[in-house]
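Asks: If you're matching positions, the sequence shown starts at 927 in the working numbering and goes up one per residue. Don't be surprised by glycine CBs; every beta carbon is placed ideally from N, CA and C.
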Amino acid sequence: LTGSIDVISEISPTYLERLYFNPEINILQGRGISIFMLGFNCRKHPYTDEKIRKAVAAAIDNERIVNAAFRGKGVPAYSPLPPNIFGHDAMIRQISYDRQRAKALLREAGYPDGFKTKLFYFQPSPSRAGVFPLTIQSYLSKVGIDVDIVYFDSWDSYNEAIMSGEGELFADGWLGDNGDPDSFLYFLFHSRAMGTSGNLFNYHNARVDALLEEARQSMEESKRLRLYREAQEIVVRETPCVFLSYTGRMYAVRRRVQQFTVSPFRTERLENVFIQEPSDQNISGGDDNVYQASH
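1. Would residue 1002 pass as a contact of residue 1161 if the rule is Cβ separation under 8 Å?
2. Between residue 932 and residue 948, what straight-line distance do the alpha-carbon atoms span, to the nearest angstrom?
3. If you scan the segment 1112-1151 from start to end, which runs of the alpha helix (DSSP H) of 4 or more residues do you find wholly inside it?
4. Give the secondary structure of residue 955 by DSSP, where H, G and I count as helix, E and B as strand, and everything else as coil.
5. Can you give, in chain order, each stretch of the alpha helix (DSSP H) that sits fully within the segment 962-1049 and has at least 4 residues?
6. Which runs of the alpha helix (DSSP H) spanning at least 4 residues fall entirely within the segment 1065-1104, listed in chain order?
7. Roughly how many angstroms separate the alpha carbons of residue 1035 and residue 994, rounded to a whole number?
8. Can you tell me whether residue 1060 is helix, strand or coil according to DSSP?
9. With respect to the beta strand (DSSP E) encompassing residue 1169, which residues constitute its N-terminal and C-terminal limits?
10. Going by other Cβ atoms of all chains shown within 10 Å of its Cβ, with 16 needed for buried, is residue 1150 buried or exposed?
11. In chain order, what residues of the same chain have a beta carbon less than 6 Å from the beta carbon of residue 987, not counting five sequence neighbours either side?
12. So, helix, strand or coil for residue 933, using DSSP?
13. Below 8 Å, can you find three or more Cβ-Cβ pairs linking the segment 1133-1143 to the segment 1168-1183?
14. Would a C-beta distance cut-off of 8 Å place residue 1088 and residue 1046 closer than the cut-off?
15. Determine, using beta-carbon pairs with one atom in the segment 1163-1177 and one in the segment 964-983, whether at least three such pairs fall under 8 Å.
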């Protein structure tokens, strides 16, 4: 915001809110391999109960989340793998938005009047509440879940609080470092990834572990596809998180930066980039459908 940096990579929804209306900055988005989620601590009451996790998922309209919190810069997510990753299956979908179904699940779990919970959220500017947590809070209030938003202005403190198991609900994102499903499914849902920046959900399913390990060792594409399909079906059924958005890759780029393109991977090439003070602007998206946001 001070003008000392020309490009910011991998913008979080928090920073997107701050940068979107700055007339000196373009928000660029390209096809990416990332996902944004609402995570549950599966070891912490009441989220040890699958019905509670499903109730929360059914209470949230992720299509509106994408529009409201991400300003439409993303695609609603329903399963663990982005569409451009091997193994993505459009038939595998988490529970749909259905407020009455959410209330019914709460009753079945013994919470007919809902319950109180905390949502951890990283917010570097304490004076700004953030659209995402407020939107989640609003949706859950409609089924009787009273959400207390706990803001963190330090990423290290936020990450430490979640990794230590303090959190109940929390915002979580994951960026794959290659086009293989292992970079998502193993690190997000294998029990060996608990206590790392991956499986923050404290999710453990022995069958999922076995499927992911076997898929890692196989070179046969059809076999891997079958293994990953079953693993995804189990994860979606047990709901350790709510899949919200395939967010692509978003960059904040000063208008004076020309010919900057976004790659699906973290391999931006800069040989054609140059600086030109505002006059003729020419920010290009190359083959990645990067666009210039309107302000």
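Replies: The short version:
1. Translated into positions along the sequence shown, residue 1002 becomes position 76. Translated into positions along the sequence shown, residue 1161 becomes position 235. No, they are not a contact pair.
2. Stepping through the sequence shown from its first residue, residue 932 is reached at position 6. Stepping through the sequence shown from its first residue, residue 948 is reached at position 22. Going from the Cα of residue 932 to the Cα of residue 948 covers about 13 Å.
3. 1132-1143
4. Within the sequence shown, numbered from 1, the residue matching residue 955 stands at position 29. In the structure shown, residue 955 sits in a strand (DSSP, three-state: E or B).
5. 976-984, 988-995, 1025-1034
6. 1081-1089
7. Mapped onto the sequence shown, residue 1035 falls at position 109. Mapped onto the sequence shown, residue 994 falls at position 68. Roughly 30 Å separates the two Cα atoms.
8. Position 134 of the sequence shown, counted from the first residue, corresponds to residue 1060. Residue 1060: helix per DSSP, three-state reduction.
9. Along the sequence shown, read from residue 1 onward, the residue named residue 1169 stands at position 243. Taken as a continuous stretch (DSSP letters only), the beta strand (DSSP E) holding residue 1169 covers 1167-1172.
10. The residue you call residue 1150 lines up with position 224 of the sequence shown. Buried, because 16 or more other Cβ atoms sit within 10 Å of the Cβ of residue 1150.
11. Sequence index remark: in the sequence shown, residue 987 carries index 61 (1-based). Cβ neighbours of residue 987 beyond the five flanking positions: 1023.
12. The residue labelled residue 933 in the question sits at position 7 within the sequence shown. Three-state result, residue 933: strand.
13. no
14. As a working note, residue 1088 is residue 162 in the sequence shown. As a working note, residue 1046 is residue 120 in the sequence shown. Yes.
15. yes
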